[in-house]
């Protein structure tokens, strides 16, 4: 699966290079900050999900390259803003200083704004059917206040943990982390013509996958090193953040991640060969150690 | 003109209230911060331009209410992020504490992100023709790195003023301030079917208007009071910002604002009655003292 991930990442990186070279018209140093934040690593999980959504619907990656680009720009902006001193105050990301450490807070803030806005510029340039508009609207929705931003809102305001139970934590993970995975997979599949039943199955798959992925992140934050992960570790504990590991212990976290992986797979197993890569990716991500 | 502005603001405020009550689904306190930032004053200049764009093209305000909402959400997010400590560090806006002073920086940052994202959610909900998609794409473009964000990038990186001349300053104003005025007017007119020649004339009109408006802002920052403006004054001087007044003196600023007002009017005078309100608004804004 690692090789397959590499192939899709290569496809995405070509799209990204072309975007940074020829499409993104932006004054420096903000442009440099965008390029810095968008390059130099990352599994490109969200673009891959978008591509696999297209393949699930019988089309190819090329059909959805702008949807993949838009989702990854949104992911990138969310990392820049999340790392800022007023948020998580992280200094290391993908083995490099975070964007505000490298370029200053003002440039990092604007770079994030530029990436979010640019994602929608890309989408408006690419949509040319009602299917495309629906696919793009899903990206906006799952990136927004009922999706990723909504999860971030819950994350920053529930740190005291009062009245915070497993349901609330899983709901926050579902918005914060699953949100963009759903956006990626769904936009790829919907713009390529999947039907309503498939839509629902893909949403549920990506939702369970996102929660399992986030719990795995929590586990790695406790068990891995900065060298392996390329980002600050132990920061969840430091900032007294509510995580699955902190609230329910390591054993339960491992169990829950496996349970949600199985639930994810169960949503799409019926599609047989069409779902093979998605299922492989799911198992790989929860078993990862980086 | 003041009464007419009030009427259009009333139309917009009804749309905004409905949005805040029934459409914006967002966890508190970020939702409260969005409501705080979006209500309690403002001329609603951008929504009015959007409405006047629709009327210019022979349609009514109701046709473009979501375009007006999207542009004003983008304006609102830009003010929140601009006021943050790492940017202008302003504490007063429309006579109230700025959003980060009231809610803290993390909530203000997320509220701004939520508003920008929500603007595009609103647009994707409303577009249902190729004219609409084009109109929405103009909003994304003029709000982005070749428009408003591009102007902000220039603004934060050219503070030392080296090699900074009138052309560079006016280009920054054209992006930073005219950008969203163009987005507002153009989206209203284009979604209601104006033709290409009219598009160009409206872009040029709003571009000159925006620069004249920004120079008037510079003048008021030097001559007016916090009580009248409802925001920090003298902050341009304090932060050693390059403004037209600081670079070329008060007399030249007054002359330039008048010159650009005349240029704006000249772009659309040929449309006679169809352009009357736009021309009236233009004269009013440059003559304002608040």
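Protein chains in written order, with my numbering: chain A, 7 to 296; chain B, 7 to 296.
A virtual CB, placed ideally from N, CA and C, is assigned to each residue, including glycine.
Residue i versus residue j: straight-line alpha-carbon distance, rounded
i	j	result
residue 181 of chain A	residue 171 of chain A	16 Å
residue 96 of chain B	residue 47 of chain B	17 Å
residue 106 of chain A	residue 112 of chain A	8 Å
residue 250 of chain B	residue 175 of chain B	7 Å
residue 148 of chain A	residue 279 of chain B	45 Å
residue 22 of chain B	residue 197 of chain A	31 Å
residue 43 of chain A	residue 203 of chain A	37 Å
residue 255 of chain A	residue 233 of chain A	24 Å
residue 248 of chain B	residue 221 of chain B	11 Å
residue 281 of chain A	residue 274 of chain A	6 Å
residue 207 of chain B	residue 139 of chain A	29 Å
residue 28 of chain A	residue 20 of chain A	12 Å
residue 173 of chain A	residue 144 of chain A	24 Å
residue 141 of chain A	residue 128 of chain A	13 Å
residue 56 of chain A	residue 25 of chain A	17 Å
residue 30 of chain B	residue 38 of chain B	11 Å
residue 189 of chain A	residue 33 of chain B	20 Å
residue 126 of chain B	residue 134 of chain A	17 Å
residue 13 of chain B	residue 70 of chain B	16 Å
residue 156 of chain A	residue 86 of chain B	18 Å
residue 108 of chain A	residue 284 of chain B	45 Å
residue 68 of chain A	residue 146 of chain A	21 Å
residue 211 of chain A	residue 136 of chain A	24 Å
residue 150 of chain B	residue 252 of chain A	40 Å
residue 230 of chain A	residue 103 of chain B	43 Å
residue 205 of chain A	residue 152 of chain A	18 Å
Cβ shell of residue i (< 7 Å), same chain only, five flanking positions each side left out
i	result
residue 218 of chain B	263, 266, 267, 270 and 292
residue 36 of chain A	113, 116, 117 and 120
residue 81 of chain B	52 and 186
residue 11 of chain A	49 and 54
residue 84 of chain B	154
residue 40 of chain A	30, 32, 117, 120 and 121
is_contact[residue i, chain B] using C-beta, thresh 8 Å
i	result
residue 248 of chain A	no
residue 103 of chain A	no
residue 95 of chain A	no
residue 28 of chain A	no
residue 87 of chain A	yes
residue 213 of chain A	no
residue 72 of chain A	no
residue 55 of chain A	no
residue 190 of chain A	no
residue 133 of chain A	yes
Cβ distance (whole Å) where residue i is taken to contact residue j below 8 Å
i	j	result
residue 259 of chain A	residue 224 of chain A	6 Å
residue 77 of chain B	residue 50 of chain B	The Cβ separation is near 10 Å, so there is no contact.
residue 184 of chain A	residue 213 of chain A	4 Å
residue 74 of chain A	residue 66 of chain A	That belief does not hold up - the Cβ atoms of residue 74 of chain A and residue 66 of chain A are roughly 12 Å apart, past 8 Å.
residue 179 of chain B	residue 216 of chain B	7 Å
residue 195 of chain A	residue 18 of chain A	About 17 Å; that fails the 8 Å criterion.
residue 122 of chain B	residue 123 of chain A	7 Å
6 Å CB neighbourhood of residue i in its chain, flanking five on each side removed
i	result
residue 236 of chain B	100 and 101
residue 88 of chain B	94
residue 238 of chain B	96 and 98
residue 132 of chain A	72
residue 15 of chain B	50
Beta carbon proximity, residue i to chain A, threshold 8 Å
i	result
residue 124 of chain B	yes
residue 130 of chain B	yes
residue 127 of chain B	yes
residue 226 of chain B	no
residue 22 of chain B	no
residue 265 of chain B	no
residue 175 of chain B	no
residue 235 of chain B	no
residue 120 of chain B	yes
residue 115 of chain B	yes
Beta-carbon neighbours of residue i, restricted to chain C and to distances below 7 Å
i	result
residue 111 of chain A	In the displayed structure, chain C is absent; the protein chains listed are A and B.
Cβ-based neighbour list, residue i, same chain, cut-off 8 Å, excluding 5 preceding and 5 following
i	result
residue 286 of chain B	7 and 10
residue 90 of chain A	106, 111, 114 and 115
residue 289 of chain A	7, 267 and 271
residue 200 of chain B	59, 62, 63 and 208
Residue i beta carbon near the ligand COA (any heavy atom closer than 7 Å)
i	result
residue 212 of chain B	The ligand content of the structure shown is nil, which means the ligand COA is not present either.
Item to check | Selection of the segment 135–162 of chain A by Cβ proximity to chain B, strictly under 7 Å | outcome: 139, 142, 143, 146, 147, 149, 150, 151, 152, 155, 156, 158, 159, 160 and 162
Checklist entry - Going along the chain, which residues of the segment 28–48 of chain B sit with their C-beta nearer than 8 Å to a C-beta in chain A? => result 30, 31, 32, 33, 34, 35, 36 and 37
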